[in-house]
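So the structure is just underneath, and the comments pick up after that.
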Amino acid sequence: MVLMTGTEYIESLRKRQPLTIYLMGQKIENPIEHPIIRASINSIALTYDLVHNPDYHELMTAKSILTGETINRFCHLHHSVEDLQNKVKMLRLLGQKCGTCFQRCVGMDAINAVYLTTYDIDRKLGTEYHQKFLDYVRMAETKDWTIDGCMTDPKGDRSKRPSEQANPDVYVHVTERRDDGVVIRGAKAHQTGAVNSHEHLIMPTQTMRKEDSDFAICCAIPADAKGVTYYYGRQSCDLRRMDETVEGDVDCGNPVYGGQECLVIFEDVFVPNERIFMNGENEFCGRIVESFAAYHRQSYGGCKVGVGDVLIGAAASIAEYNGVLKASHIQDKITEMTHLNETLYSCGIACSAAGQKTPAGNYLVDILLANVCKQNVTRFPYEIARLLQDIAGGLFVTCPSAKELNDPETRKVIEKYLVGADGVDTLDRIKMLRLIENLTMGRAAVGYLTESMHGAGSPQAQRIMISRLSNIEEKMKLAKTLALVEE
Ligand code: SF4
Ligand code: FE
Numbered sequence: 219m220v221l222m223t224g225t226e227y228i229e230s231l232r233k234r235q236p237l238t239i240y241l242m243g244q245k246i247e248n249p250i251e252h253p254i255i256r257a258s259i260n261s262i263a264l265t266y267d268l269v270h271n272p273d274y275h276e277l278m279t280a281k282s283i284l285t286g287e288t289i290n291r292f293c294h295l296h297h298s299v300e301d302l303q304n305k306v307k308m309l310r311l312l313g314q315k316c317g318t319c320f321q322r323c324v325g326m327d328a329i330n331a332v333y334l335t336t337y338d339i340d341r342k343l344g345t346e347y348h349q350k351f352l353d354y355v356r357m358a359e360t361k362d363w364t365i366d367g368c369m370t371d372p373k374g375d376r377s378k379r380p381s382e383q384a385n386p387d388v389y390v391h392v393t394e395r396r397d398d399g400v401v402i403r404g405a406k407a408h409q410t411g412a413v414n415s416h417e418h419l420i421m422p423t424q425t426m427r428k429e430d431s432d433f434a435i436c437c438a439i440p441a442d443a444k445g446v447t448y449y450y451g452r453q454s455c456d457l458r459r460m461d462e463t464v465e466g467d468v469d470c471g472n473p474v475y476g477g478q479e480c481l482v483i484f485e486d487v488f489v490p491n492e493r494i495f496m497n498g499e500n501e502f503c504g505r506i507v508e509s510f511a512a513y514h515r516q517s518y519g520g521c522k523v524g525v526g527d528v529l530i531g532a533a534a535s536i537a538e539y540n541g542v543l544k545a546s547h548i549q550d551k552i553t554e555m556t557h558l559n560e561t562l563y564s565c566g567i568a569c570s571a572a573g574q575k576t577p578a579g580n581y582l583v584d585i586l587l588a589n590v591c592k593q594n595v596t597r598f599p600y601e602i603a604r605l606l607q608d609i610a611g612g613l614f615v616t617c618p619s620a621k622e623l624n625d626p627e628t629r630k631v632i633e634k635y636l637v638g639a640d641g642v643d644t645l646d647r648i649k650m651l652r653l654i655e656n657l658t659m660g661r662a663a664v665g666y667l668t669e670s671m672h673g674a675g676s677p678q679a680q681r682i683m684i685s686r687l688s689n690i691e692e693k694m695k696l697a698k699t700l701a702l703v704e705e
């Protein structure tokens, strides 16, 4: 059993066959050394390194239910309510450490969803997907893989079903069935950490009807499989990573860590039988989507809270640098940020605490509470970010470039006029302002804000689930009973 370090993880990426990656008009030959991509790799590397830190080892690892061995928790099939809660705690920790999206959770959520779904399919239809999937998870645990959980198809015309699309490739689907496997074609959008993964675990994106059966495919392929192309997503302020300043990458705000989203294209990719976990069983697409979404909506009650902790810390730090930390209105705003952030955490913990064992044996979060968690995540981070911008003052968007600090003449001017409270280094003040820009408007804002809105499903997707699970009839009965209404 391997528990890789961050360095070993990066080395393992180098061992893949060359990937085809397009980033800002260029074909990237060496993704690992590319400054934009490297920052996102650094974030995932943390999920490996913290395992070897005695303070975090217990939280970052789990006992495999398949082998009994100690494994990285990101490869774990949750086996108790405590496991579910520890997952949330681990994601909060990582959000605190990198201040952005560390990408590896999608695969953890995907293996748990596919595990319980393949069990259900086999039980009902007598297929043999579950055993094949167990072998796959065992391999993932042994090799300590980062898996990209691949769910969201580009979807084309949203008013049409997959089989009605003029261009069927806007959904991943089977184009050929052979004795030894299938050939798939299509694309997945918004793929978090796709270039940094060892594997893609492809799942259907929505419920499918009988006529959409070719789109009801769940399978795994290596990230370097033949026929896979990556189009790297641009993010706000990404070129800051290409800047060099004497003082380091001050203008990046978060010089070391970043997130990653890609459009991944699959052009006639062959998948052997042993890596196919659903092949046309359209009636089980809903189960896979609903459980994956629930796990990933739970995740946001951890990772976004950890990044929220960084925003709160940045608010207090810039207030300190400005000499206003003790002002009552600042304290009150920081208290409000904390209240909002801990409310999100409470939701993450609550949906875990109310989780239950599935027939397959792993644990699934409470689906209603996980959807409530994510619905709050579509709102509260925006308010937390607003309060941070309020406390920071306007300088985080008007501050001159750190390059001005390279020239002693201009540096003198910057240091004279952008000075803060007594004893505060002007450069430290600028670094904090750039971090605030990064978190609320720059690259990390993709992870903290837009992803809070749309990741794991846009707000309406949660509202549909909340309305479906809210049991209004029962609540009407309660009210009528108390009012002594007899119907
Ligand atoms: Fe993990 Fe959060 Fe990024 Fe999703 S958004 S991959 S849960 S860090
Ligand atoms: Fe996400």
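Residue 595 in the numbering used here sits at position 377 of the sequence shown, with consecutive numbering throughout.
Using N, Cα and C, we set each Cβ at its ideal position, and we do this for glycine too.
For S517, the CB falls within less than 7 Å of some heavy atom of ligand 1. The straight-line gap separating the alpha-carbon atoms of Y635 and G641 is approximately 14 Å. Within the region 502 to 557, the complete alpha helix (DSSP H) segments at least 4 residues long are 503 to 540, listed from N- to C-terminus. The beta carbons of C293 and D362 sit closer together than 8 Å.
The beta carbon of L264 lies closer than 8 Å to those of G224, L312, K315, C316, F320 and Y475 in the same chain, with the five residues before and after it left out.
Rounded to the nearest angstrom, the gap between the Cα atoms of V703 and P577 is 40 Å. In the DSSP assignment, F484 is bridged to G404 and V446.
Following the DSSP letters along the chain, one finds H391 inside the beta strand (DSSP E) bounded by residues H391 to R396. Within the region 242 to 300, the runs of alpha helix (DSSP H) that reach at least 4 residues and sit entirely inside it are, in chain order, 253 to 267 and 275 to 278.
Annotation: the continuous beta strand (DSSP E) that includes M496 extends over I494 to N497. Counting only the Cα atoms, N594 lies some 13 Å from Y666. Taking 7 Å as the cut-off, the C-beta of T410 counts as close to a heavy atom of ligand 2. When the beta-carbon positions are compared, G411 and I262 come within less than 8 Å of each other. Positions of the beta strand (DSSP E) runs, each at least 3 residues long and wholly inside the region 339 to 369, are given as 365 to 368 in order along the chain. The region 506 to 521 and the region 442 to 459 do not touch, with fewer than 3 CB-CB distances between them shorter than 8 Å. Contact annotation: the region 399 to 414 touches the region 422 to 439, with at least three C-beta pairs closer than 8 Å.
Annotated as proximal: V468 and I648, with beta-carbon spacing under 8 Å. Here M496 is buried, its C-beta having at least 16 other C-beta atoms within 10 Å.
Where E704 is concerned, there is no enclosing beta strand (DSSP E), because DSSP gives it neither an H nor an E. When distances are taken from the beta-carbon of H514 to the heavy atoms of ligand 2, the shortest one is below 7 Å. In terms of CA proximity to L221, T364 leads the group E633, M650, T364 and Q680.
The beta carbons of L586 and G573 sit no closer together than 8 Å.
Excluding sequence positions up to five before and after A407, its CB lies within less than 6 Å of the CB of T370, P372 and L481, all in the same chain and listed in chain order.
Just so you know, the alpha carbons of H297 and A358 end up roughly 17 Å apart.
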